[in-house]
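What follows is one structure encoded as C-alpha cells, with my remarks underneath.
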Amino acid sequence: MIAEEKVMTISKAAGPAGTHWRRVWRHVRKAPLSAWIGIVIVLAYLVVALFAPWIAPHGETEVVGGQYDPWSDEFLLGTDQLGRDMLSRLIFGARNTISVALMTTSIAFVLGTGLGLLAATVGGWVDQLFSRLVDVIMAIPQLIFALLLLSIFGTSVVNLVLIIAVLDSTRLFRVSRSVALNITVLDFVEAARLQGEGTIWIMVREILPNILAPIIAEFGMRFCFVFLTIAALSFLGLGIQPPTADWGSMVRENATLINYGDITPLLPAGAIALLTIGVNFVVDWFLHITSGLKE
Numbered sequence: 000m001i002a003e004e005k006v007m008t009i010s011k012a013a014g015p016a017g018t019h020w021r022r023v024w025r026h027v028r029k030a031p032l033s034a035w036i037g038i039v040i041v042l043a044y045l046v047v048a049l050f051a052p053w054i055a056p057h058g059e060t061e062v063v064g065g066q067y068d069p070w071s072d073e074f075l076l077g078t079d080q081l082g083r084d085m086l087s088r089l090i091f092g093a094r095n096t097i098s099v100a101l102m103t104t105s106i107a108f109v110l111g112t113g114l115g116l117l118a119a120t121v122g123g124w125v126d127q128l129f130s131r132l133v134d135v136i137m138a139i140p141q142l143i144f145a146l147l148l149l150s151i152f153g154t155s156v157v158n159l160v161l162i163i164a165v166l167d168s169t170r171l172f173r174v175s176r177s178v179a180l181n182i183t184v185l186d187f188v189e190a191a192r193l194q195g196e197g198t199i200w201i202m203v204r205e206i207l208p209n210i211l212a213p214i215i216a217e218f219g220m221r222f223c224f225v226f227l228t229i230a231a232l233s234f235l236g237l238g239i240q241p242p243t244a245d246w247g248s249m250v251r252e253n254a255t256l257i258n259y260g261d262i263t264p265l266l267p268a269g270a271i272a273l274l275t276i277g278v279n280f281v282v283d284w285f286l287h288i289t290s291g292l293k294e
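Anchor point for the sequence shown: position 225 equals 224 in numbering that gives the first Met the number 0, and the numbering is continuous, going up by one each time.
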C-alpha cells in the first residue's frame, strides 16, 4: 500500500509537468519554418559556446602559424595577425561574446523589470522619479554614453557588463512599466491591496505573471541589441579586451585583409549577423503564439 501511494504521488506530481512539456512540444512541432531555422541557429550557437574547448582545434590564444596564413587543410580559416587559428578564435569568441551578452541582458532584465514594476505598482513620486531619470539617460545615445563611461571607469569585463546593463535597463523599464500600468487597475490587484498584501507580493504574484510574455519577448530583443553593442564596443577597442577572443575585436584585427580580397574579417561579422537573425526568428514566433493570433 505504501509503495502504491508513492507511485500515485509521483504520477500526480509528474502529470502537470508532463502536460506542460507536451503543450510546449505541440507548439514547437507546429512552428513555422522561420521559427525552426531560428531554433536550430540558437541551439547550434549554444552547443559551440558550451563545448568550445573540446570543439576548437587549437587554444584560444595559442600561436600556431605565421601572420595571416591563408586557408588550408591545417588552418581551415587561416590565421590572424599574430598567427592564431581563426577557426579556434571564432569558436571561443562564441563562448565569450554570448556569455557576456547574456549576463548583461539578465542584469538589465532584473533591474529594468523590477524598477518598472515598482514604479507602476507604487506610482506617485516613485514613478515620477524613476521615469524622469530614465528619460535623462535615454536622451543620450547609448553607444556614445557607453564609450564615455568606459573611458572613465576602464574597460574591464565587469565595467562593460554593468555599464551596458544599466543603460539597457532603461528600455526594459519603459516596457515593463507600460504593460504593468494596465494590470495595476484591474480588480484582482485591487483585491490583493484590500487584503493587505505587500507591494513586493503584488508585483511578483499578481502583476509579473500577467506581463511575462511581452517581457520575455523583449528580453530576446534586448539580447540582440546588447550583443551588437558589445561587438561594436569591441570593434572600437573598448569592449572585451585582447587576448580574449571576441567577434567584434576580431573584425578590427583582421580588417586589413579586406584590401587583398580576403573574406576572413567577414566571418565574425557574419557570425554576429546570423545569431541576431536566429534570435529574432524565435522572438517573432514566441510573440505570435503568446498573442493568440491565428495564421
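For each residue, glycine too, the CB sits at the ideal point set by N, CA and C.
Range of the contiguous alpha helix (DSSP H) that encloses residue i
i: Asn-95; result: 85-121
i: Tyr-44; result: 32-49
i: Asn-209; result: 207-234
i: Trp-70; result: Unbroken run through Trp-70: none, as it is neither H nor E.
i: Met-202; result: Segment: none, Met-202 is in no alpha helix (DSSP H) and carries neither H nor E.
i: Val-250; result: 246-252
Residue nearest to residue i in terms of C-alpha spacing, selected from the options
i: Val-125; options: Leu-114, Asp-134 and Val-135; result: Leu-114
i: Thr-169; options: Val-157, Arg-192, Ile-106 and Tyr-67; result: Ile-106
i: His-287; options: Pro-213, Gln-127, Phe-50 and Phe-152; result: Pro-213
i: Leu-207; options: Val-188, Leu-166, Phe-224 and Gly-195; result: Val-188
i: Val-109; options: Ala-190, Pro-140, Val-165 and Leu-45; result: Val-165
i: Val-225; options: Leu-49, Gly-123, Thr-96 and Arg-83; result: Thr-96
i: Met-85; options: Gly-260, Asp-68, Arg-94 and Glu-205; result: Asp-68
i: Thr-228; options: Leu-171, Leu-274, Gly-195 and Ala-145; result: Ala-145
i: Gln-240; options: Val-160, Ala-190 and Asp-261; result: Val-160
i: Ile-54; options: Ala-34, Arg-94 and Leu-171; result: Arg-94
i: Thr-154; options: Gly-247, Gly-236 and Asn-279; result: Gly-236
i: Asp-261; options: Val-184, His-57 and Trp-70; result: Trp-70
i: Thr-275; options: Ile-257, Cys-223, Ser-98 and Ala-230; result: Cys-223
i: Val-121; options: Ala-34, Ile-215 and Glu-196; result: Glu-196
i: Phe-218; options: Thr-112, Leu-148 and Ser-98; result: Thr-112
Distance between beta carbons of residue j and residue i, contact taken as under 8 Å
i: Ile-163; j: Thr-103; result: 5 Å
i: Val-63; j: Gly-82; result: 6 Å
i: Ala-270; j: Trp-246; result: 6 Å
i: Ile-210; j: Ala-179; result: 6 Å
Cβ-heavy atom distance, residue i to the ligand ZN, below 7 Å
i: Asp-283; result: In the structure on display, the ligand ZN does not appear, and there are no ligands present to speak of.
*Entirely within the region 123-200 and at least 4 residues each: give me those alpha helix (DSSP H) ranges in chain order.*
123-137, 141-152, 156-183 and 186-193
*On the three-pair Cβ rule with 8 Å, is the region 76-95 touching the region 189-204?*
no
*asked:* Three or more C-beta pairs under 8 Å: does that hold for the region 259-268 against the region 276-285?
replied: Note that the region 259-268 does not touch the region 276-285; fewer than 3 beta-carbon pairs, one per stretch, sit closer than 8 Å.
*Report yes or no: do three or more beta-carbon pairs, one from the region 175-186 and one from the region 244-254, lie closer than 8 Å?*
no
*If we count Cβ pairs, one from each stretch, closer than 8 Å, do we get three or more for the region 133-151 versus the region 169-180?*
yes
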